[in-house]
Structure formats: structure tokens, C-alpha cells
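First up is the structure itself, then whatever we jot down about it.
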Amino acid sequence: MLWCILLWALCPRVRGQCDKSPDSSMLNISVTYNLPTFIANSTIQNLVTLSGVIYVGAVNRIYALSPNLTKLSEYRTGPLFANESCDQHSPGHTGKLDNHNLALVVETIYDKGLFSCGSADHGVCRRHVLDDGASPKTVAEDVYCFADYRYRRLPGEQNLVATPAGSQVLNVESNVIQFFVGNSEIPDLKNESGTFPQLHTLSVRKMKTSQNGFIAFSNRWYLDLIPSLRGNYYLRYVYSFHSGPFTYFLTIQQVSRDSQAYHTRIVRMCSSDLEIRRYVEMPLECICTSKRRRRSTEGLKVFNVVQAAYVTKVGNDVNLQKQLKVEEGDDVLFAAFAQSKPNSPEPTANSAICVISLKHINNLFKRYMQTLPAITCCIKLMRTLLDVLSHCKHLFEYRLEVTQFVQRLEYWSKELTNILVTSITVAQVHGRTVAYLGTADGRHMQVKSSGASPHVNIRLDTKPVSASVVLRDPNHPDGALLLVTGNKITKVPLIGPGCGQLTTCTSCLLSSVVTGCGWCDGRCTRANQCPSSSVWTQDYCTPVITKVFWPTSGPLRGSTTVTICGHNFGFDKTESFKASLVTVEVAGATCRLWTELQCLPASNGNFTASGRMVKVTSGHKVAKMEGFSFVDPVIREIFPEFGPKSGGTMLTIRGAFLDSGNKREVTVGQAVCRIQSVSSSMLTCKTPQHTDPSKQPVRVTIDSVQRLAPTSFTYNEDPIINSIQPSRSFISGGCTVSAHGFFLQSGLQPQMVLTAAHDSNRSSIQCTTPSLAKLALQPPIVTKVAFVLDGFSTQQWDLIYVEDPLFQDPKLTSKDNKSIVEGKDDDPAMKCQVLTVSNHSCESLTLVGNTLECTVPTELQATAAKELQVEVRHALCHSFNPLNSDVSLNFPSSSFTIKKDTFCICERSSRHITKSS
1273 MLWCILLWAL
1283 CPRVRGQCDK
1293 SPDSSMLNIS
1303 VTYNLPTFIA
1313 NSTIQNLVTL
1323 SGVIYVGAVN
1333 RIYALSPNLT
1343 KLSEYRTGPL
1353 FANESCDQHS
1363 PGHTGKLDNH
1373 NLALVVETIY
1383 DKGLFSCGSA
1393 DHGVCRRHVL
1403 DDGASPKTVA
1413 EDVYCFADYR
1423 YRRLPGEQNL
1433 VATPAGSQVL
1443 NVESNVIQFF
1453 VGNSEIPDLK
1463 NESGTFPQLH
1473 TLSVRKMKTS
1483 QNGFIAFSNR
1493 WYLDLIPSLR
1503 GNYYLRYVYS
1513 FHSGPFTYFL
1523 TIQQVSRDSQ
1533 AYHTRIVRMC
1543 SSDLEIRRYV
1553 EMPLECICTS
1563 KRRRRSTEGL
1573 KVFNVVQAAY
1583 VTKVGNDVNL
1593 QKQLKVEEGD
1603 DVLFAAFAQS
1613 KPNSPEPTAN
1623 SAICVISLKH
1633 INNLFKRYMQ
1643 TLPAITCCIK
1653 LMRTLLDVLS
1663 HCKHLFEYRL
1673 EVTQFVQRLE
1683 YWSKELTNIL
1693 VTSITVAQVH
1703 GRTVAYLGTA
1713 DGRHMQVKSS
1723 GASPHVNIRL
1733 DTKPVSASVV
1743 LRDPNHPDGA
1753 LLLVTGNKIT
1763 KVPLIGPGCG
1773 QLTTCTSCLL
1783 SSVVTGCGWC
1793 DGRCTRANQC
1803 PSSSVWTQDY
1813 CTPVITKVFW
1823 PTSGPLRGST
1833 TVTICGHNFG
1843 FDKTESFKAS
1853 LVTVEVAGAT
1863 CRLWTELQCL
1873 PASNGNFTAS
1883 GRMVKVTSGH
1893 KVAKMEGFSF
1903 VDPVIREIFP
1913 EFGPKSGGTM
1923 LTIRGAFLDS
1933 GNKREVTVGQ
1943 AVCRIQSVSS
1953 SMLTCKTPQH
1963 TDPSKQPVRV
1973 TIDSVQRLAP
1983 TSFTYNEDPI
1993 INSIQPSRSF
2003 ISGGCTVSAH
2013 GFFLQSGLQP
2023 QMVLTAAHDS
2033 NRSSIQCTTP
2043 SLAKLALQPP
2053 IVTKVAFVLD
2063 GFSTQQWDLI
2073 YVEDPLFQDP
2083 KLTSKDNKSI
2093 VEGKDDDPAM
2103 KCQVLTVSNH
2113 SCESLTLVGN
2123 TLECTVPTEL
2133 QATAAKELQV
2143 EVRHALCHSF
2153 NPLNSDVSLN
2163 FPSSSFTIKK
2173 DTFCICERSS
2183 RHITKSS
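First residue of the sequence shown? That's 1273 in this note's numbering, and the numbers climb one at a time after it.
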């Protein structure tokens, strides 16, 4: 697998920390420019140039334009009747037909001439003599059908060149004129040109010296799809070019006759062959991976169908030479690929640009050739594909298919998501390689080979930009592109249409080597647009600090790395970050740069911190912002100071500036205490385990600065529980379960505990049972319970849930001159009852046998109210004295009412009981 190297400029921000910087990528795409245009009467289909004149092939017209797009002359090619066409015996041709321009080719060997091949001429081309050596001629002055009609007044198949399905016609001139032609095969294509003859798929023909047609040297001047595939197999010729001794085509076609998948192939033939003797082709695809690793398939995206391409010399772009390992005169192929729809050759709006040198392709062919045991010949097209030798001097012939893909890593795809690239042209401007892209939605973009983002992105039209582009005077300061959208041609300067799209100083200066733009009075302009009283610069931008991202403080004499967000930090028009251009000062300390926007303040020795100011100097420009200070972290206390040796205690450390710096670590002894939360004044962590009970120091380290806690942490023996009481609870919960055992003082915070006071001789803990009423289970229910003390979990015990109790025959009695409420229940779990009287706790609550006695509070005896409310709650009476507990219990309750004259106790139902009863 072969890869090219990505060409990305450093992005002037710290990725993933600071907000997306607009510096190098922000373009105002709504900006419009007044550019020269030409409007034709019909759709423009081809564009070429010769001797400074632009020739335009449109429906029913051929135009000749001046460099400034003024019309010089025009030639009407249609609509045509049958007797007006170059193919005068075409059947099925009764009325007038529009003449679509299928191909437009220039030639210079005999005369300066133009070949225009139209659909109404059914494959025959017309020759326009533009200059016969005596004088220049208009495009309409000397025109004739380029065919020899001596044989039955038919043009002859060697004179049938182009097809409405799409043709690539390449004139390769040496001492003769040779046309290499690839004609597309599109199944079910609607033909608007009458009955059209079936032309050869791939062919080569030579111009006759009599200049009245083409000649074929033998019956091997063409290759066709095998008969069973014609009309059933998709094959589209997209681009053709000449490089060295070879002629090349790029095609889109089915992977195989039985496959519905599509891919791109590169075809190579020897340009010196007058018949097809040496032919090869090979699959080619463009791949994109976010991993940027040569053998990784993770996150791999394949762009399989080529849309447009351009071949050019690598030129004096030193960076591109190094990246592609080529020399100045080497040819390089730039290709725009798209991802196709499933089982379709139709592209989606997702594109990527790939680049590969022709030297690399030819070396690959040669390598494949060396692996073959012998060279075979005479294999039908579509069963053979790809020449593997690096020259055309040998005499034997070959036709070869290579099935292994040539895969190229994407050259530039960052901004091409949701974009379908339809045209590409590449030129060098001031020593930099620039790709000029057209899109399906009528936009034109320009991007440097080393650029991460386009520096031009303008709308030309709502119609797609055609793949037919003319590059004029690329080595001249006024060099321009001629771009076609529908029936319009737009002239766009190679240096860009202007500077108004570049909204920031950095984007302006990064493009300046190509665009000639500079920064003036807060906007991007060319030098002649900057007032004489202002400063126009292409050197450095004033740095801007947007925020000090993190942290905002750090320990004095620590190793805190400060992240500063902003733009214009050390970038100049060479597009690279230069640390030598930048100095940073943080709270008075010089900061040593780690990356573009991260630095390490030097606060050692006798340094004295001063203020919170962050200062960035880039070139001769300075930016300031308050945002960082040096602090002195302090530990004041830890809590708790003990826990089980198995660890898990939530240790709280209180102090100041505990959240400063980049990184902090807490250790108990030599082991790390896992941090759970951090604030300026408090830090929590879970203690690690320790082998034996002991005291261990607690330390906090912040960016290499250590602080020791004033007290140590004591590891105690792990708790042991050997019994629980009671073993039963009501279904509504609320009972308190006592757990008994040893070393229960080791943990300060057992789960569900009601009283948290520390007792050094503690041998029991008490927890309230939860309600299971919402689970709709039928009592009795056997459950398992365990106790967790500071993260240490004990063994499990059985706990049985039973029905909630009901009082039997409640009554009010008097004992020792006090009012007593009595209630009876046969369930032994009745000791889980709690009574209150008119929101007052019983003066005492006693269980005598199966009778629960509540002494009515004295203050309620003297009240004028005629009734008292008694509430029964299902919960434990702590030592049967709830007045000693400050725990609030919220569980289902039953209501009772006591009247002074008569009273009744109600639970979901009521009855009246007289006082005497």
C-alpha cells in the first residue's frame, strides 16, 4: 500500500482546550467580487485556448474570445437538418437537431487549427483553420467537415471521434497529429441526437497529411468492450493527459462485470504507438484517515470515484518536492475524488484531493512487471489493464490488468465534507503550489498545498463549475482562470479576486505570499488600497489573548503549565510557528514555551510573584490579560483521622488553594489516595488499603510542590460483626437494627447509622430498615443485610420482613396521676412502634408484655382542646425512650383521636369509646 504525505499547516491554537480560533480558517463567504464574465446563448460544454484566444464550445455555437472575454467571432454549429450535418446519411434524422459540443481540440502542426466535434454530426469533427501561415482567421472563416467521403460518401469509422455519452479526446503532437480517444459507455443513456453510431471504446488515429480526415494504420487501432458488455457495463472516461512517452486516461467503471460496486482506474498507453500495442490499467483510489498512520485502517474513508483531475510540473515548490520526493521538472497528478452512492457511480457531496507523481505510478507499474513470469498479449479490453514498464522503446506488445489498488492518502479534505468538487486546476504562484477547485453548487475555492483551509471561497453561480477550465498566463502577474458555470464564463485572478474574504490578520498574512494581501487598519487589503497615512504590513499580527484557559493559579516554585488562548502567537507568512518570535511572561515570571500556546513559568530561586498579568510578545507586538497568579497551598486539617486498614474511607482535606495547578496527588503513607472532588478549600479522596494498623502521614502534591497535613491518618483493624438484633422488621420499614461485634469504632460513617457520635469502646451500631411496601411482595420476606463502614463491607445476615402491626382495643387509663394510652398487638415486632400525642412525644414509652404504654405529656392535660391526636409510627424506640433521639423518621403512620370526654383510637377506621369505658 502506498501513501502520500499530508500537507497541513500548524493550526494557531491548542486543539481541544481553547475555543476554535477563527484566525486561519475564517472566511466571509458572503463577500462578492465584480469579476469579468462572458454570457453565451446556450450551455457551454468545452473550453480551450490557443495563441491568446479563448475558444468556447457551446450548444449550437463556437465562440472566439479575447483575453478580457470580449467576443471576437462566432460560428453557428446548429441546429442542423440531416443534409447539413457532416454525417449526411444518418438514419432517423428528420428534423433539426441541436448540436452539442462533444469535444474541442487545438492543433499546431500543419496550421493553427481547432477541431469541434458535435452531436448533430454523429461523431465527425469540423476543422476550423485559424492561421494558415498567411494571416489569422476567425473561427467561422475556414471550416470544413474533417472526413474523407470518397467511399460511398460515408465518413469512415476512423473519422467518427466523439459520442454523446462523453468523450476524452487528446491530441498528442510530435511530428504528426495523433488523436487518442476514450468514448464512454453509459447504459440506458437517453440520446437526444437521433440514431447515433456505436463508436469504438478506445482508439488512436493519425491525421492524414492531406488534412481531410484521419487514417488508421491497422485493424488494431482500437479496443472495444466485449460484445456481451456493450450496453450493460458502465465505463466513463473522465480525464486524459500526456506525460513523457505515455498517454493516460482516468476512468470510472464497475469493479467487474458482475459487480455493482464502482471504482477509478488509470489507463496508460504508449504515445508513439500508431496502433494499440502496449496497454495497461490499474485501480486507483483516494483514502482519508484521521489517524495519519501509514498502515492503519482505523477510521478509514475511501473516495472511489474521480470527478476531475489536473497534471502539472511540480515546479520550484521546495516543500512539495520534499513531500512527494520528486524533482522540479517531474509531472504530478492532482485528482478530486468523491465517495459514490451505494452500488452507483453517482458521487455524493463528500470529496478529497489526492496527489501522486507520475514517476511514482510508473515505478509501480515497473515493480508489478518484475513480478510477472512472462508477458502475455492480445487480451480483450476489460480483461487487461496496466502497463508496467517505464518506457516505450521495447518492440513486444502487452495488455495487462493489475487488480491491486494504488491508494493515496488524501492531500486536502478538511473543508470538503458536504462538498462535491467538480473541477480542479493547479498552478504555482510566487513559488507556492495552489489548487483551484470548483464545486457542484457553483463555488470557487483556492487553497495552498500547505494550507489547512482555503484562502478564497466565492460563489460564481448556482450552477456547477465545469471540469473544463482554461489556465491563462500562469507565469504572469495577471494570470487567471476561466471557469464555466452553465452558459457563463468567469475570469478569476490566480492571486485571488481580492482580500475582503479574509477577516482576521492571521488568515490575511498566511495567504499573503499568494494573494499579495496585507493588514491595514484592522482589515485585509492590497497595498494600493491602504491609505498612505496607515501602516500596511505582511510581517506580524498583533497577538490577542482571549483567555487564560487553565489553570488560573499555580504553586510558587512548582511545575505548572499555563495554557493561554488567543491568536497571532508567533505565526508569520511562512505559515510556521516560530518560538523565537514569542516571549511570554506570567505573573512576573518568564514562561518557557512547550507548544504554541503552553508555557512553563520559571518561578524558582528568589523569584517574587507579582500580580495576575499574562503578557505575550509576538514580534514587536504585545498582548496582556489578567488571568494567572502564584499561590501557596496550605493544609489545615484532615477528617476523619482514622479508618479501617482495608481502606475506602472518604478522607476530607481542608485548606487553601487546593485546586491550583495542573495536577495534584494525595498520598497516605506511600500509597495514592484516589481523589473524588476538588475545590479551593476542600479536597476529598478515598484512602488506600494498608497492611497493618498504624499511623501514616498525609501529603498533597501540586505540580511537584508538596504539603504535609498537620495530623496523621490512623489505620485501625477492620470491623467484625457477629450478630444483629432484631431479626424482623415491618414491611413499611422503620425498625432499627443493632449490629454487634468488634472494632466497630474503626469506621466513622457506617451506612444508615442513626447516631454518629464516636465511641472508642463501641461494640454496636444501629441502622433503620427501609420500606419494602412499594415492591408489592407478600410477607414474610427473607432478605440479606450487610453493614458498610467507611468502605469496608461485613458479612451478610438474614432479616425477615413481616406485616405491619394493628393495635387491639386501645384505651386511655390513669396511672400514678398520669394519663396513659395503651395499645396491644400479638406480633413480637411491636417494639418497633413510636407514638406521638398532638405532635408531642410521649413522656415515656414502655413495652409491658404485648402492651405499649404511652404517658400523655403533662402540658396536654391542661389544654382547652376537646380532642388530642395520637399518631403511631412504625419505628424503633431507642432503648424504648424516643425522647433521647434526635432522628426524624418518615414512614407510613396510623392516626388516632383522643377526646377529653370520650375518645377513640382509629386505624383506617374509627369507633367511639366513652371515658367511663
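Yeah, the Cβ is synthetic: ideal placement off N, Cα and C, and Gly gets one too.
Every value quoted in this text rests on a predicted model; they were computed, and no experiment measured them.
Using the three-state DSSP reduction, which class does threonine 1778 fall into: helix, strand or coil? It is helical.
From lysine 1343 to alanine 1488, what does the alpha carbon distance come to, in whole angstroms? In this structure, the alpha-carbon of lysine 1343 lies about 37 Å from that of alanine 1488.
Helix, strand or coil for alanine 1981 per DSSP? Coil, per DSSP.
Just mark glycine 1838 as buried or exposed, buried being the case when its beta carbon has 16 or more other beta carbons within 10 Å. Taking every protein chain shown into account, the CB of glycine 1838 has 16 or more other CB atoms within 10 angstroms, so this residue is buried.
Please specify which runs of the beta strand (DSSP E), each continuous and at least 3 residues long, are wholly inside the region 1534 to 1588, giving them in chain order. Within the region 1534 to 1588, the complete beta strand (DSSP E) runs of at least 3 residues fall at 1534 to 1542, 1550 to 1561, 1572 to 1575, 1577 to 1585.
6 Å Cβ shell around serine 1966 - same chain, five flanking residues per side excluded: Once the five neighbours on either side are set aside, the close Cβ partners of serine 1966 are Tyr1987.
Does the region 1795 to 1815 come into contact with the region 1885 to 1903, if we say contact requires no fewer than three beta-carbon pairs (one atom in each stretch) closer than 8 Å? Short answer: they touch.
Have a look at serine 1456 and histidine 1372 and give me their C-alpha separation to the nearest angstrom. Distance between the alpha carbons of serine 1456 and histidine 1372 is about 16 Å.
Using only the alpha-carbon positions, how far apart do aspartate 1904 and serine 1825 sit? Roughly 10 Å separates the two Cα atoms.
Helix, strand or coil, according to DSSP, for valine 1737 in the structure here? In the structure shown, valine 1737 sits in a strand (DSSP, three-state: E or B).
Nearest residue (CA-CA) to aspartate 1255, options Ala1336, Val1854, Val1583: In the structure as shown, the chain starts at 1273 and stops at 2189, and residue 1255 therefore has no counterpart that could be examined.
Beta-bridge pairing of lysine 1613 - partner residues as DSSP gives them: Note: lysine 1613 sits in no beta bridge, so no partner.
Beta-carbon contacts of serine 2160 that lie in its chain and below 7 Å, excluding the five residues immediately before and after: Here the model assigns serine 2160 a pLDDT of 26, short of 50, so the residue's position is not dependable, and the following value carries that caveat. Counting only Cβ-Cβ distances below 7 Å, and skipping sequence neighbours, we find nothing.
Tell me the start and end of each unbroken beta strand (DSSP E) in the region 1826 to 1896 that is at least 3 residues and wholly inside, in chain order. DSSP runs (the beta strand (DSSP E)) wholly in the region 1826 to 1896: 1834 to 1839, 1854 to 1858, 1861 to 1865, 1870 to 1873, 1885 to 1890.
Per-residue burial, histidine 1748 [other beta carbons within 10 Å of its own, 16 or more giving buried]: Histidine 1748 counts as exposed, since fewer than 16 other C-beta atoms from the protein chains shown sit within 10 angstroms of its C-beta.
Taking Cβ positions, are phenylalanine 1914 and aspartate 1990 nearer each other than 7 Å? No, the Cβ-Cβ distance between phenylalanine 1914 and aspartate 1990 is not below 7 Å.
Alpha-carbon spacing of leucine 1853 relative to glycine 1703, whole angstroms: Cα to Cα, the separation comes out at about 24 Å.
Is the region 1534 to 1552 touching the region 1513 to 1525, taking contact as three or more C-beta pairs under 8 Å? Per the Cβ contact rule, the region 1534 to 1552 is in contact with the region 1513 to 1525 (3 or more Cβ pairs under 8 Å).
Please state if the CB of leucine 1955 and the CB of isoleucine 1925 are separated by a distance shorter than 7 Å. Cβ distance < 7 Å, so isoleucine 1925 and leucine 1955 count as in contact.
Glutamate 2075 to valine 2057 span [Cα, whole Å]: So the two alpha carbons sit approximately 19 Å from each other.
Who are the Cβ neighbours of valine 1742 in its own chain at under 8 Å, not counting the five residues just before and after it? Short of 8 Å from the beta carbon of valine 1742, and not among the five residues preceding or following it, lie these beta carbons of its own chain, in chain order: Leu1319, Val1320, Thr1321, Ile1326, Leu1753, Leu1754.
By DSSP's criteria, arginine 1398 is part of a beta bridge. Which residues make up the other side? Under DSSP, arginine 1398 shares a beta bridge with Ser1388, Cys1417.
Measuring only the C-alpha atoms, how far is methionine 1897 from aspartate 1931? Straight across, the Cα-Cα distance linking methionine 1897 with aspartate 1931 is about 21 Å.
Indicate the three-state DSSP secondary structure (helix, strand or coil) for serine 1949 in the structure shown. Strand.
Return yes when the Cβ of valine 1377 is within less than 7 Å of the Cβ of phenylalanine 1387, no when it is not. Yes.
Go ahead and label glycine 1503 buried or exposed: buried means 16 or more other beta carbons lie within 10 angstroms of its beta carbon, across all protein chains shown. Here glycine 1503 is exposed: its Cβ has fewer than 16 other Cβ atoms, across all protein chains shown, within 10 Å.
Which same chain residues end up closer than 6 Å to glutamine 1997 when comparing Cβ atoms and leaving out the 5 residues on each side of it in sequence? Correct list, in chain order: Ser2010.
Histidine 1394 to glutamate 1356 span [Cα, whole Å]: C-alpha of histidine 1394 to C-alpha of glutamate 1356: approximately 12 Å in a straight line.
Can you pull the DSSP bridge partners for leucine 1474? According to DSSP, leucine 1474 bridges with Gly1454, Leu1495.
Mapping the DSSP letters down to three states, classify serine 2157 as helix, strand or coil. Interpretation of serine 2157 is limited by its pLDDT of 26, a score under 50 that renders its predicted location unreliable; no figure is taken from the coordinates.
Mapping DSSP to helix, strand and coil, what is glutamate 1379? Assignment of glutamate 1379 by DSSP, reduced to helix, strand and coil, places it in the strand class.
Could you please give the first and the last residue of the uninterrupted alpha helix (DSSP H) stretch that includes valine 1785? Counting along the chain, the alpha helix (DSSP H) containing valine 1785 begins and ends at 1784 to 1787.
Secondary structure of phenylalanine 2195, DSSP reduced to three states: Residue 2195 falls outside the range modelled here, since the chain spans only 1273 to 2189, and no answer is possible.
Short of 6 Å in beta carbon distance, which residues of its chain neighbour glycine 1772, apart from the five on each side in sequence? Order them along the chain. The answer, listed in chain order, is Val1303.
Between which two residues does the beta strand (DSSP E) harbouring leucine 1442 extend? Segment 1439 to 1445, the beta strand (DSSP E) holding leucine 1442.
Let's test the definition: count the other Cβ atoms within 10 Å of the Cβ of tyrosine 1416 and tell me whether it reaches 16, buried, or not, exposed. Tyrosine 1416 is exposed by the Cβ-count criterion.
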